[in-house]
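Trainee: This is the structure, below, for whatever I ask next.
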Amino acid sequence: MARLTVEEVDHIALLARLTLSDEEKGLYAQQLSAILDYAAELADIDVEGIPPTATVLAVHNILRQDDIAGVSIARDDALKNAPRTDGASFEVQATFDNKDQ
Amino acid sequence: MEYEIVIGMETHVEQNTASKMFCQCSAEFFGAEPNTHVCPTCLAMPGALPVINRRAVENAMMIGLALNCKIARHTFWERKSYWYPDLPKGYQITQYEYPIAYDGYIDIDVRDSASGNWTEQSYRKRVRIRRAHLEEDTGKLTHIGGSSFVDFNRAGVPLIEIVTEPDIHTADEAYAFLSALRDIVRYLGVSSGDMEKGAMRGEPNMSLRPIGTEPFGTKVEIKNLNSLRAVRDSIEYEVKRQTEVLNSGGKVHQVTMGWDDARGVTVTQRDKEEAHDYRYFPEPDLPPLDVSEEWFESVRKRVPELALSRQDRFTQTYGLSAYDAVVLTRDRAVAEYFEIAMGGIPARAKAAANWITGELFRLMGSAGVSAGINAVKASPAQLAELIEMVENKVVNINTAKSVFEEMFATGQGAKAIVDAKGLAQISDTSALDKAVQDALDANPGQLKGYLAGQDKLFQFFVGQVMKATKGKGNPQIVQGLLKDAIEKRRLSV
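Chains as they are written, first to last, in the working numbering: chain A, 1 to 101; chain B, 1001 to 1493.
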C-alpha cells in the first residue's frame, strides 16, 4: 500500500505549480496513494521475456517533408490566450533565464 | 597543488531546416517579428498533434555518422517535463533512452591558441562522443523590468544535442573541439554553426581533481557562451577560480555559472533549489522510428568527406602546407572549388592554392561577396584554364592577374579574355628581337653606362622592351635576347 508523505505531495505540487492548503495536502496524499495502488496492480502481471514497449500504436515512421505550409496563425490570434501582452509577445511574471535544457 | 582539468561538453546545434521539428511553421526565428511563426502545434493548443520532420531526423543521422557514431535502428520520443514560460507544452519532446546516435568520436587538431597555426606543441587528439540526440528548441525570453516577454518563433525548431565523454582537458582543447564541430555541421549543411547567433551553443561541464587521482571533483557548468573565444576564456577563468578555492581549503559548489563576456568573469547563476525531476516517459502522440538499412544507406551516401580528412589529403597527396590546407578546407565550397581548379594534378596544387587564397579571396573581400565562393562568377574550371595558360607561358603572371580580375567581374573564360584583348604573351623571338634592338638604339647613354659596369641598367632595358610590347613579352625570352644583343654590341664598340 503506497503512502505518500506530505513532503512528496509538496514536491509534486511544486512541479505542477500548484499552491495547496494543508487540508488539501492531506486529501491529495490519500487520493494519490490510492491512484498509485491502482496502477501498482500492473506489477502483478508476469512480463517475463516480454521486451519493454514504448507504444501500442501499430504504425511507425510517420514523417513529413521539410516544407512550410500556411499553418502559422495571425499573431493577434496567437496572443488571445496570453495572460498579458504588449501586442507582440506573451508577457509573464519575470523569470531568471538560468534553467537547464 | 597541481590539478587536472576534466571537461565534458554539451553542445546544442540548431538545425537550419525550413520548417520546425513537429509542425510546418517556418523555422526561421532570427530577426523575425515575435510570434509570427507559430501555430496550434508549437503553441501547445489542446488537440494539436506533432508530425516528424524527415529532414531533421536525417540531419541528426548525418551528424552522428560524421562523429563516427552508431546509429540507432530503433528509437522513440520521450517527454521531458519541466515548468518554464518558454516551454509552451510544459514538456520538451526529446530522445532519452535511445538517442539516434551514440558511441562515437571526433579527432581534433589542437593548435597554437594565439596564432591558430600548427606548431611543435600542437597535437591531434580523440574526443569520444557519448550520444547525439534530437529534440525541439524552446521559445525566447526577454526580461524587461518586472516582466518576461516570450517569443515562440524558436519553439519547436529542431536541435541536436551532442554530449562528449569527459575527454577534454584544456581550454584550448575545448576550443578545438567546438571549432571542429562547427566545421562539421557546416560541411554537412545542417546548421550555420553560428555561435554569435545562438545556432551552436557549447556548455562545458568542468571539474578539477588533484593530478594522479581518480575521483572527479565537483562539476560546474558554464553557460552563456556566444563565441569560441568566450568558451576558451571562461574555462581559463574557471580553472583559476576553482584552483584558488581548492588551494585555500575551500570547496567548489555544484552550480551553473554564467559567462559575463564584457567583464570577462563567470557569475553564479541562481542555484536551483528544487532537484530536477523530469519524469521522462514515451511520447504517446508520436510513433516510434525504425531506421531501415535502405534509409540508413541513403543518408550515409550524403555525408561528404570532412575537413580534417581533406586537410590530411591536401598536405600528404598534394604537398600543400598545413596552413594552406586549413584555409582551403574550412569551407566545403572552397575545398571543392580548389579541387576542380587544380584538376587532380598535384603539380598544380600550389598554384591553385595561391590563386584562391590570394587573388580570389582579395577580390571577394573588396567586392564584398558575402554569399561565399559559390556566388563567384569565375568558375573553378575557368581558373584551371588560366593556370594552364600561365604554365604554358601563354600569359605571364602579371597579365594573368588582370585577366583573372576580368574573369571575376564578368564570368568570361580566361582564353576568351586573352584572345579578345590580344594579351597572349609574345614568345616569337623575331618579333621580340626588333623591340630589343630598338630599345638599345634609342638609349645609347644607358647602354654606355651598362657596358661601363652599371649592372642595374639591365632592368631598365627589360622595362623598355616590356613597355614596347605592352607587357606581353615573355620575360625569360626578352632577357635572353637582351643579353645576346648587348654582348654583340660590346664586341662591336
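Beta carbons: idealized from backbone N, C-alpha and C, even for Gly.
Which whole runs of the alpha helix (DSSP H) in the stretch 1315 to 1343 of chain B are 4 residues long or more, in chain order?
Mentor: Runs found: 1322 to 1329 and 1332 to 1342.
Trainee: Once you ignore the five residues that flank Ala997 of chain B on each side, which residues in its own chain have a CB closer than 6 Å to its CB?
Mentor: Nothing can be reported for residue 997 of chain B: it is not among the residues displayed for chain B, which extend from 1001 to 1493.
Trainee: Going by beta carbon distance, what residues of the same chain come within less than 8 Å of Ala1468 of chain B, once the five residues before and after it are set aside?
Mentor: Contacts found: Ala1435, Asp1438 and Ala1439.
Trainee: What residue range is occupied by the uninterrupted beta strand (DSSP E) comprising Ala1101 of chain B?
Mentor: Ala1101 to Val1110 is the span of the beta strand (DSSP E), which, as asked, contains Ala1101 of chain B.
Trainee: If we define contact as Cβ-Cβ less than 8 Å, is Val1150 of chain B a contact residue for chain A?
Mentor: It does; some Cβ of chain A falls within 8 Å.
Trainee: On a CA-only basis, which of B:Tyr1237, B:His1253, B:Ala1066 and B:Asp1086 is nearest Ile1162 of chain B? Give me that one, please.
Mentor: Answer by Cα proximity: B:Ala1066.
Trainee: Of all the alpha helix (DSSP H) runs that stay within the bounds of the stretch 1275 to 1320 of chain B, which reach a length of 4 or more residues?
Mentor: Qualifying alpha helix (DSSP H) stretches, in chain order: 1293 to 1300 and 1307 to 1316.
Trainee: Closest to Arg1310 of chain B by C-alpha separation, out of B:Pro1085, B:Leu1386, B:Tyr1096 and B:Val1334, would be which residue?
Mentor: Nearest of B:Pro1085, B:Leu1386, B:Tyr1096 and B:Val1334 to Arg1310 of chain B, Cα basis: B:Val1334.
Trainee: Give the C-beta separation of Val1291 of chain B and Ala1072 of chain B to the nearest angstrom, bearing in mind that I take them to be a contact with Cβ-Cβ under 8 Å.
Mentor: With a Cβ gap of about 7 Å, Val1291 of chain B and Ala1072 of chain B count as contacting.
Trainee: Would you kindly work out how many angstroms separate the C-alpha atoms of Ala94 of chain A and Phe1149 of chain B, rounded to a whole number?
Mentor: Their backbone Cα atoms lie some 8 Å apart in a straight line.
Trainee: With a floor of 4 residues, list each alpha helix (DSSP H) that falls wholly inside the stretch 1227 to 1252 of chain B, ordered by position along the chain.
Mentor: The qualifying runs are 1228 to 1247.
Trainee: With H, G and I counted as helix, E and B as strand and the rest as coil, what does DSSP make of Gln1412 of chain B?
Mentor: If DSSP states are grouped into helix, strand and coil, Gln1412 of chain B belongs with coil.
Trainee: If the cut-off is 9 Å on Cβ atoms, which residues from the stretch 74 to 95 of chain A count as contacting chain B, listed in chain order?
Mentor: Correct list: Ala74, Arg75, Ala78, Leu79, Asn81, Ala82, Arg84, Thr85, Asp86, Ala88, Ser89, Phe90, Glu91, Val92, Gln93, Ala94 and Thr95.
Trainee: Does any residue of chain B bring its CB to less than 8 Å from the CB of Ala29 of chain A?
Mentor: So, not an interface residue.
Trainee: Sorted by chain position, which residues of the same chain lie with C-beta nearer than 8 Å to Asn1474 of chain B's C-beta, five sequence neighbours on each side aside?
Mentor: So the qualifying residues of the chain are Lys1393, Asn1396, Gln1425, Ile1426, Ser1427 and Leu1432.
Trainee: Just verifying my parser: in three-state terms, what is the DSSP assignment at Pro1215 of chain B?
Mentor: Coil at Pro1215 of chain B, not helix or strand.
Trainee: Return the Cβ separation of Arg1131 of chain B and His1012 of chain B in integer angstroms, given the expectation that the two are a contact with Cβ distance under 8 Å.
Mentor: Contact flag wrong, Cβ pair sits at about 13 Å.
Trainee: What residue from A:Ile68, A:Asp67, A:Ile50 and A:Val92 has the CA that sits closest to Tyr1084 of chain B's CA?
Mentor: Checking every option, the nearest Cα to that of Tyr1084 of chain B belongs to A:Val92.
Trainee: Is it true that the CB of Glu1135 of chain B sits closer than 8 Å to the CB of Val1157 of chain B?
Mentor: Taking 8 Å as the Cβ cut-off, Val1157 of chain B and Glu1135 of chain B do not qualify as a contacting pair.
Trainee: Quick one: what does DSSP say Val1369 of chain B is sitting in, helix, strand or coil?
Mentor: Here Val1369 of chain B sits in coil by DSSP.
Trainee: Are any of the Cβ atoms in chain B nearer than 8 Å to that of Arg3 of chain A?
Mentor: By this cut-off, Arg3 of chain A is not an interface position.
Trainee: Taking 8 Å as the CB-CB limit, is Ala1018 of chain B close to chain A?
Mentor: Closer than 8 Å: yes.
Trainee: Quick check on Gly1453 of chain B: does DSSP put it in helix, strand or coil?
Mentor: Correct three-state label for Gly1453 of chain B: coil.
Trainee: Confirm, please, whether the CB-CB distance from Pro1050 of chain B to Thr55 of chain A is below 8 Å.
Mentor: No; because the gap between Cβ atoms is not below 8 Å, this pair is not in contact.
Trainee: Under the rule that 16 or more other beta-carbon atoms within 10 Å means buried, what is Asp1455 of chain B, buried or exposed?
Mentor: Exposed, because fewer than 16 other Cβ atoms sit within 10 Å of the Cβ of Asp1455 of chain B.
Trainee: Please list, in chain order, all residues of the same chain as Lys1070 of chain B whose beta carbon is under 6 Å from its beta carbon, the five residues on each side excluded.
Mentor: Excluding sequence neighbours, Lys1070 of chain B sits near Tyr1102 and Asp1103.
Trainee: By Cβ distance, which residues of its chain are closer than 6 Å to Ala1351 of chain B, with the 5 residues on each side in sequence left out?
Mentor: So the list reads Ile1387, once near-sequence residues are dropped.
Trainee: So, is the C-beta of Asp10 of chain A closer than 8 Å to a C-beta in chain B?
Mentor: So no, Asp10 of chain A is outside the interface.
Trainee: Please classify Asp100 of chain A: does DSSP put it in a helix, a strand, or coil?
Mentor: Low per-residue confidence applies at Asp100 of chain A: pLDDT is 40, beneath 50, and the placement is therefore not dependable enough to give any value.
Trainee: If you follow the beta strand (DSSP E) that Arg1079 of chain B is in, where does it begin and where does it stop?
Mentor: Per DSSP, Arg1079 of chain B belongs to the beta strand (DSSP E) from Glu1078 to Ser1081.
Trainee: Cα-Cα, which of B:Ala1371, B:Ala1341 and B:Ala1347 is closest to Thr1357 of chain B?
Mentor: Out of B:Ala1371, B:Ala1341 and B:Ala1347, B:Ala1341 has the C-alpha closest to the C-alpha of Thr1357 of chain B.
Trainee: Tell whether a beta-carbon distance below 8 Å holds between Ile1129 of chain B and Ile1100 of chain B.
Mentor: No, they are not a contact pair.
Trainee: Identify whether Arg1154 of chain B lies in helix, strand or coil by the three-state DSSP scheme.
Mentor: Residue state, collapsed to three classes: coil.
Trainee: Are the Cβ atoms of Glu1010 of chain B and Asn1226 of chain B separated by less than 8 Å?
Mentor: Against a cut-off of 8 Å, the Cβ pair of Asn1226 of chain B and Glu1010 of chain B comes out as no contact.
Trainee: Hey, would you say Lys1020 of chain B sits closer than 8 Å to Tyr1278 of chain B, going by beta carbons?
Mentor: No, Cβ-Cβ distance for Lys1020 of chain B and Tyr1278 of chain B is not below 8 Å.
Trainee: Give every residue of the same chain whose Cβ lies closer than 6 Å to the Cβ of Ile1211 of chain B, excluding the five residues on either side of it in the sequence, and list them in chain order.
Mentor: Glu1002 and Glu1004.
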